[in-house]
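Colleague: From first to last, the protein sequence lines are chains E and Z.
Per the working numbering: the first sequence ends with 116, consecutive numbering throughout.
Per the working numbering: the second sequence ends with 242, consecutive numbering throughout.
For every residue, glycine included, the Cβ atom is placed at its ideal position computed from N, Cα and C.
All figures in this text were calculated on a predicted structure; none of them were measured in a lab.
Got a structure here, written out as structure tokens. Questions coming.
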Amino acid sequence: MSSEPTEVHHAEGEHGETMTRKKIVRVFLILLAITCVEFFIALYLVPNHHMPINVANPVYIVLTLLKAFYIVAFFMHLKFEKTAMVYTLIVPILFIIGLILVLTNESHHWITLRH
Amino acid sequence: MSAAVSQIDELKTTPWSGGRSPFNVEYGKMMMWFFLLSDAFTFSSLLIAYGALRFSAPTWPVPSLVFQSVPGTSIEHGAPLVFVGLMTFILILSSVTMVLAVEAGHRMAKKEVVGWMIATVIGGLMFLSCQALEWNHLHSEGFWWSAIPNAETLKEFFEGNVPLGQQQMTAHQFANLFFTITGFHGFHVFSGVIINIIITLNVLAGTYEKRGSYLMIEKVGLYWHFVDLVWVFVFTFFYLV
Chain E
2 MSSEPTEVHH AEGEHGETMT RKKIVRVFLI LLAITCVEFF IALYLVPNHH MPINVANPVY
62 IVLTLLKAFY IVAFFMHLKF EKTAMVYTLI VPILFIIGLI LVLTNESHHW ITLRH
Chain Z
2 MSAAVSQIDE LKTTPWSGGR SPFNVEYGKM MMWFFLLSDA FTFSSLLIAY GALRFSAPTW
62 PVPSLVFQSV PGTSIEHGAP LVFVGLMTFI LILSSVTMVL AVEAGHRMAK KEVVGWMIAT
122 VIGGLMFLSC QALEWNHLHS EGFWWSAIPN AETLKEFFEG NVPLGQQQMT AHQFANLFFT
182 ITGFHGFHVF SGVIINIIIT LNVLAGTYEK RGSYLMIEKV GLYWHFVDLV WVFVFTFFYL
242 V
């Protein structure tokens, strides 16, 4: 047990793939830029009819997933973990897609039930 | 007898042949990840329930009309997303100070770790204060769990001619979902702040210096980034879409 943490750090050092300050600032700027793009769409493009709302919504979702990727991969360091660890955490998340499909499908059915 | 070991008895040294962690992650950190995985399921269930109810609703309160004030100032109208933009910025910034604390921990720089941890705690408290203002503002308009504003106020939150019955039904759903989901998230932020304070005190007491590793900072860091991650989704689905 006592030797384990040092081993972990040793392994990280070997690849030289930890977060340096430079990388941290870069990821922060990326997250900030994506948020600014979202604001630009919500405050300028959509109200001035440059972009219809049914185009804007999927764009928001893609941008959100992009932000989620940067947070999980770099801030939470998952990109630098062992591949087996990455799959152990990412594969169960795929079940959520199933729940989304089931409930969006069901909610369309509820609309017809209401009428 | 020959001393050579037959091939089948040879000790395997591949990652999955036992005797060591194939994930190469310390126990506590792995358990934090698994906890966060389960928490991700809880939050996605809440958000997907929100999505299902909103999809099936004939209309919905328009986010840019509901959230167009800046609570705590005199701006009551015409500033959609400004306040929540500030909240998002605060939370992302506190996530950055958290990674900087982790990075300082790798270098065993105790003073820097303390500084960044205090910055993270302040960021968390600022976010919670903003959320308190936001909740207070909605509450003053008449929103609360299964409570909605009167018909006069309510019609300001809808575009076009929506029958009052539909307005009331969807406003009820909106209020319940908004307070439940942002409340559950705010509770996570609150417990994150408490955990961060405890860890900061431990750093000050020299616990991790004695232990020889600031791994604990990474573990609470994971939790803190997760809180930020959830906010990214809450922000999109309540304020943008």
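(1) If we define contact as Cβ-Cβ less than 9 angstroms, is residue 34/E a contact residue for chain C?
(2) Kindly provide the ranges of any alpha helix (DSSP H) runs that are 4 or more residues long and lie completely inside the stretch 158 to 231 of chain Z, ordered along the chain.
(3) Does the beta-carbon of residue 225/Z have 16 or more other beta-carbons within 10 angstroms, so that it is buried, or is it exposed?
(4) For residue 233/Z, name the three-state secondary structure that DSSP assigns.
(5) Beta carbon of residue 27/Z, beta carbon of residue 78/E: below 9 angstroms?
(6) Any contact of the stretch 100 to 112 of chain E with the stretch 57 to 76 of chain E, i.e. 3+ C-beta pairs under 8 angstroms?
(7) Whole angstroms are fine: how far does the CA of residue 35/E sit from the CA of residue 84/Z?
(8) Any beta carbon of chain Z sitting closer than 9 angstroms to that of residue 10/E?
(9) Determine whether the Cβ of residue 93/E lies closer than 9 angstroms to any Cβ atom of chain Z.
(10) When the cut-off is 9 angstroms and only beta carbons count, does residue 18/Z lie next to chain E?
(11) Would you kindly work out how many angstroms separate the C-alpha atoms of residue 228/Z and residue 187/Z, rounded to a whole number?
(12) Starting from the beta carbon of residue 123/Z, find every residue of chain E whose beta carbon is closer than 9 angstroms, and list them in chain order.
(13) Counting only Cβ pairs nearer than 7 angstroms, list the residues of chain E close to residue 229/Z.
(14) Nearest to residue 148/Z by alpha carbon, out of 165/Z, 172/Z, 239/Z and 206/Z?
(15) Can the beta-carbon of residue 283/Z be found closer than 9 angstroms to that of residue 128/Z?
(16) Residues in the stretch 61 to 80 of chain Z with C-beta within 8 angstroms of chain E's C-beta atoms, listed in sequence order?
(17) Output yes if chain Z places a C-beta closer than 9 angstroms to the C-beta of residue 48/E; else output no.
(18) Determine which residues share a DSSP beta bridge with residue 148/Z and list them.
(19) By the 10 Å Cβ neighbour count, where 16 or more other Cβ atoms means buried, how is residue 205/Z classified, buried or exposed?
(20) Return no unless some Cβ of chain E is closer than 9 angstroms to the Cβ of residue 59/Z.
(21) Along chain Z, which residues have their Cβ under 7 angstroms away from the Cβ of residue 20/E?
(22) Label residue 132/Z either buried or exposed according to how many other C-beta atoms from any shown protein chain fall within 10 Å of its C-beta, with 16 as the threshold for buried.
(23) I'd like the list of long-range same chain contacts for residue 106/Z, defined as Cβ closer than 6 angstroms, with 5 residues on each side in sequence excluded.
(24) Would you identify the three-state DSSP class for residue 8/Z, choosing helix, strand or coil?
(25) Please determine, among 108/E, 112/E, 84/E and 19/E, the residue with the shortest C-alpha to C-alpha distance to residue 17/Z.
(26) What does a CB cutoff of less than 8 angstroms around residue 119/Z pick up in its chain, not counting 5 residues either side in sequence?
(27) Are residue 39/Z and residue 31/Z touching if we call contact CB-CB under 9 angstroms?
(28) For a quick check, are the C-beta atoms of residue 29/E and residue 87/Z less than 9 angstroms apart?
(29) So residue 204/Z contacts chain E; which residues on that side make the cut at Cβ distance below 7 angstroms?
(30) If you follow the alpha helix (DSSP H) that residue 113/E is in, where does it begin and where does it stop?
(31) Is the Cβ-Cβ distance between residue 234/Z and residue 43/E less than 9 angstroms?
(32) Using beta carbons (cut-off 9 angstroms, strictly below), is residue 236/Z in contact with chain E?
(33) Report the neighbours of residue 52/E on chain Z: residues whose CB is nearer than 8 angstroms to its CB, in chain order.
Modeller: Result, derived from the coordinates:
(1) This model lacks chain C altogether; the protein chains it does include are E and Z.
(2) 165 to 206 and 208 to 212
(3) Taking the first residue of the second sequence as 1, we reach residue 225/Z at position 224. Buried: at least 16 other Cβ atoms inside 10 Å.
(4) Taking the first residue of the second sequence as 1, we reach residue 233/Z at position 232. Residue 233/Z: helix per DSSP, three-state reduction.
(5) Within the second sequence, residue 27/Z is the residue found at index 26, counting from 1. Within the first sequence, residue 78/E is the residue found at index 77, counting from 1. Against a cut-off of 9 angstroms, the Cβ pair of residue 78/E and residue 27/Z comes out as no contact.
(6) Note that the stretch 100 to 112 of chain E does not touch the stretch 57 to 76 of chain E; fewer than 3 beta-carbon pairs, one per stretch, sit closer than 8 angstroms.
(7) Residue mapping note: residue 84/Z aligns to position 83 of the second sequence, counting from 1. Residue mapping note: residue 35/E aligns to position 34 of the first sequence, counting from 1. Near 17 angstroms, if we compare the C-alpha coordinates of residue 35/E and residue 84/Z.
(8) Residue 10/E sits at position 9 when you count from the first residue of the first sequence. Note that residue 10/E has pLDDT 46, beneath the 50 cutoff, so the model's placement of it is unreliable and the number below is only indicative. In terms of beta-carbon proximity, residue 10/E lines the interface with chain Z, with at least one pair separated by less than 9 angstroms.
(9) The residue you call residue 93/E lines up with position 92 of the first sequence. Yes, because at least one Cβ of chain Z sits closer than 9 angstroms to the Cβ of residue 93/E.
(10) Counting from 1 along the second sequence, the entry for residue 18/Z is found at position 17. Answer no: the Cβ-Cβ gap between residue 18/Z and chain E never drops below 9 angstroms.
(11) As a working note, residue 228/Z is residue 227 in the second sequence. As a working note, residue 187/Z is residue 186 in the second sequence. Spanning the two alpha carbons is a distance of roughly 9 angstroms.
(12) Taking the second sequence and counting its residues from 1, the one referred to as residue 123/Z is at position 122. Here the premise fails: no neighbours, minimum Cβ distance about 17 angstroms.
(13) Counting from one through the second sequence, the residue named residue 229/Z turns up at place 228. The answer, in chain order, is 72.
(14) Here residue 148/Z corresponds to residue number 147 of the second sequence, with the count starting at 1. Nearest of 165/Z, 172/Z, 239/Z and 206/Z to residue 148/Z, Cα basis: 172/Z.
(15) Residue 283/Z cannot be examined here, being either before or after the span of chain Z that is shown, 2 to 242.
(16) 65
(17) Taking the first sequence and counting its residues from 1, the one referred to as residue 48/E is at position 47. Closer than 9 angstroms to some Cβ of chain Z, the Cβ of residue 48/E qualifies, so yes.
(18) Locating residue 148/Z in the second sequence gives position 147, counting from the first residue. Here residue 148/Z is bridged, per DSSP, to 145/Z.
(19) Along the second sequence, one-based indexing puts residue 205/Z at 204. That one is exposed.
(20) By one-based count along the second sequence, residue 59/Z stands at place 58. Yes, residue 59/Z counts as interfacial toward chain E.
(21) The sequence position of residue 20/E within the first sequence is 19, counting from 1. Those within 7 angstroms of residue 20/E in chain Z are 100 and 104.
(22) Locating residue 132/Z in the second sequence gives position 131, counting from the first residue. Residue 132/Z should be labelled buried.
(23) As a working mapping, residue 106/Z is identified with position 105 in the second sequence. For residue 106/Z, where only same-chain residues beyond five positions count, the Cβ hits under 6 angstroms are 114, 215 and 218.
(24) Counting from 1 along the second sequence, the entry for residue 8/Z is found at position 7. Three-state result, residue 8/Z: helix.
(25) On the second sequence, position 16 is the one that residue 17/Z refers to. Residue 84/E is the option with its Cα nearest to residue 17/Z.
(26) Residue mapping note: residue 119/Z aligns to position 118 of the second sequence, counting from 1. Only 201 meet the Cβ criterion.
(27) Stepping through the second sequence from its first residue, residue 39/Z is reached at position 38. Stepping through the second sequence from its first residue, residue 31/Z is reached at position 30. Contact flag unset, no.
(28) If you number the first sequence from 1, residue 29/E lands on position 28. If you number the second sequence from 1, residue 87/Z lands on position 86. Contact: no.
(29) Along the second sequence, one-based indexing puts residue 204/Z at 203. Those within 7 angstroms of residue 204/Z in chain E number zero; the least Cβ separation is about 16 angstroms.
(30) Taking the first sequence and counting its residues from 1, one reaches residue 113/E at position 112. Start and end: 84 to 115.
(31) The residue labelled residue 234/Z in the question sits at position 233 within the second sequence. The residue labelled residue 43/E in the question sits at position 42 within the first sequence. Cβ distance not < 9 angstroms, so residue 234/Z and residue 43/E don't count as in contact.
(32) For the purposes of this step, residue 236/Z is taken as the residue at position 235 of the second sequence. It does: the Cβ of residue 236/Z has a partner Cβ on chain E nearer than 9 angstroms.
(33) Working through the first sequence from its first residue, we reach residue 52/E at position 51. Result: empty, since nearest Cβ-Cβ is about 13 angstroms, beyond 8 angstroms.
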